Amino acid sequence: MTDHSHASHRLLLLAASASVAVAMVLIVVKALAWSATGSVSLLASLVDSAMDSLASLVNFAAIRYSLVPPDKEHRFGHGKAEALAGLGQAVLVAGSAVFLGREAILKMLDPQPLEATGLGIGVMVFSIVLTGALVIFQRHVIRRTGSTAIQADSLHYFSDLAVNLGIIATLVIAGFGFPEADGIVAMLIAVFVLRSAWHIGWEASQLLLDREVEGDTRDRIGAIVGAHTDALGFHDLRTRLSGRTLFIQLHVDMDQTMSLLDAHALGERIRLDIRKAFPNAEVIIHQDPVPGAPRVPVDERRDV
222 MTDHSHASHR LLLLAASASV AVAMVLIVVK ALAWSATGSV SLLASLVDSA
272 MDSLASLVNF AAIRYSLVPP DKEHRFGHGK AEALAGLGQA VLVAGSAVFL
322 GREAILKMLD PQPLEATGLG IGVMVFSIVL TGALVIFQRH VIRRTGSTAI
372 QADSLHYFSD LAVNLGIIAT LVIAGFGFPE ADGIVAMLIA VFVLRSAWHI
422 GWEASQLLLD REVEGDTRDR IGAIVGAHTD ALGFHDLRTR LSGRTLFIQL
472 HVDMDQTMSL LDAHALGERI RLDIRKAFPN AEVIIHQDPV PGAPRVPVDE
522 RRDV
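To convert, count from 1 in the sequence shown and add 221; that's my numbering.
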């Protein structure tokens with residue numbers, strides 16, 4: 222294992238552990254605040270944190286499994302465990318949204334005055350600070366590793382920041398004698414959480430379905446191939462993600478009079494250059510013999 226891979230693995234496990242720890246702390250403080258205030262909005266946030274803890278535990282297990290090297294049964298590695306964890310998160314988050322919606326409806330039908338709103342506001346400010354610090358760290362880890370599981374977890378915690386701000390507003394309004402606001406905001410939170418569940422689930426399912434990698438990846442690969450003067454063209458470029466590993470497959474056109482040894486050497490040079498641009502990539506190149514012809518400009522090439 223390279224030093225870069227070892228550092229990435231350590232960052233992933235640290236981010237997953239931090240997520241579990243933050244969720245556990247927030248469960249305790251929010252439970253205390255909910256018991257003191259009786260706010261269903263705080264209950265919504267408490268349930269959300271409970272789901273966060275379950276999702277974070279699933280993430281931790283999935284990340285550990287995804288880091289297991291390829292074996293005889295899983296020659297492409299275990300990276301898709303992260304996408305499976307994302308689907309698990311989506312299910313848990315959607316379940317919590319349904320529960321929150323039910324509690325919000327009951328609260329709107331029978332609004333009750335809230336107590337100890339100052340304590341509730343203090344707890345939510347603490348939650349925002351702690352969650353914000355976690356999201357900043359997770360974004361750093363995502364930039365360094367590209368982890369699907371951490372990205373899904375970060376998206377969920379980022380949505381929590383908006384939820385917590387809404388709860389603070391609710392507690393302030395309720396403190397002025399409008400307890401109806403509690404149920405209304407709780408319902409808005411439920412809808413917001415459900416939307417997050419859909420987004421997490423959609424992204425995870427697309428990874429499991431081997432969706433083509435978005436962005437300028439294809440253009441960058443084309444430019445790398447074009448930098449080699451003996452490459453006459455390329456086609457059938459395919460990309461997909463499995464966890465943090467990017468799989469790249471393409472056909473490179475080479476002069477049919479080129480020796481097998483030279484064709485292999487050219488393919489290897491192109492492969493290594495692609496690996497330099499995408500360190501976490503597995504690259505497969507098929508050499509296609511074609512009649513000698515002027516090189517096709519990179520910006521005119523098309524897959525066939």
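Using N, Cα and C, we set each Cβ at its ideal position, and we do this for glycine too.
No experiment lies behind these values; they were computed from the predicted model shown.
Check, Outcome
"Ignoring anything shorter than 4 residues, give me the alpha helix (DSSP H) runs that lie fully in the region 271-356, in order along the chain.", "302-330"
"Just to confirm my understanding: we take I394, look at its own chain, exclude 5 residues before and 5 after, and list those with CB closer than 7 Å. What are they?", "A402"
"Exposed or buried, what is E303 when buried is set at 16 or more other beta-carbons lying within 10 Å of its beta-carbon?", "buried"
"Taking the alpha helix (DSSP H) that D494 falls in, what are its first and last residues?", "L481 to A498"
"Quick one: what's got a C-beta closer than 6 Å to D273's C-beta in the same chain, skipping five residues either side?", "A244"
"Are the beta-carbon atoms of S270 and K251 separated by less than 8 Å?", "yes"
"So A425 and A311 are in contact, right, with Cβ under 8 Å, and what is the actual spacing, rounded?", "7 Å"
"In whole angstroms, what is the alpha-carbon distance linking T438 and S463?", "15 Å"
"V261: which of K301, L313, G367 and G322 sits nearest, CA to CA?", "G322"
"Could you check which residue in L467, G353 and A484 has the C-alpha nearest to that of V504?", "L467"
"Extract the residue ranges of the alpha helix (DSSP H) inside the region 405-459, only unbroken runs of 4 or more that lie entirely within it.", "438-447"
"Just grab the DSSP bridge partners of F468 for me.", "R461 and E503"
"Do A283 and V362 have their C-beta atoms closer together than 8 Å?", "no"
"On the three-state DSSP scale, how would you describe Q372?", "helix"
"Answer with buried or exposed for I410, where buried requires no fewer than 16 other C-beta atoms within 10 angstroms of its C-beta.", "buried"
"Determine the direct distance from the alpha carbon of E324 to that of K497, and round the result to whole angstroms.", "53 Å"
"With DSSP run on the structure shown, which of helix, strand or coil describes Q359?", "helix"
"To the nearest whole angstrom, what separates the beta carbons of L487 and A452, a pair I think is in contact under 8 Å?", "7 Å"
"Determine, using beta-carbon pairs with one atom in the region 338-358 and one in the region 291-307, whether at least three such pairs fall under 8 Å.", "no"
"In terms of DSSP beta bridges, what is M475 paired with?", "P510"
"Would you tell me roughly how many angstroms separate the C-alpha atoms of V346 and D292, rounded to the nearest one?", "47 Å"
"Have a look at R285 and L234 and give me their C-alpha separation to the nearest angstrom.", "7 Å"
"How many angstroms separate the CA atom of V344 from the CA atom of A383?", "15 Å"
"Contact check, R465 vs G309 under 8 Å by CB: the rounded distance?", "Contact doesn't hold; Cβ gap of about 18 Å is too wide."
"Give the C-beta separation of A254 and K328 to the nearest angstrom, bearing in mind that I take them to be a contact with Cβ-Cβ under 8 Å.", "Wrong, their Cβ atoms sit about 16 Å apart, outside the cutoff."
"Under 8 Å, do F455 and G443 count as touching if we go by C-beta distance?", "yes"
"Are R365 and S229 close, meaning C-beta to C-beta below 8 Å?", "yes"
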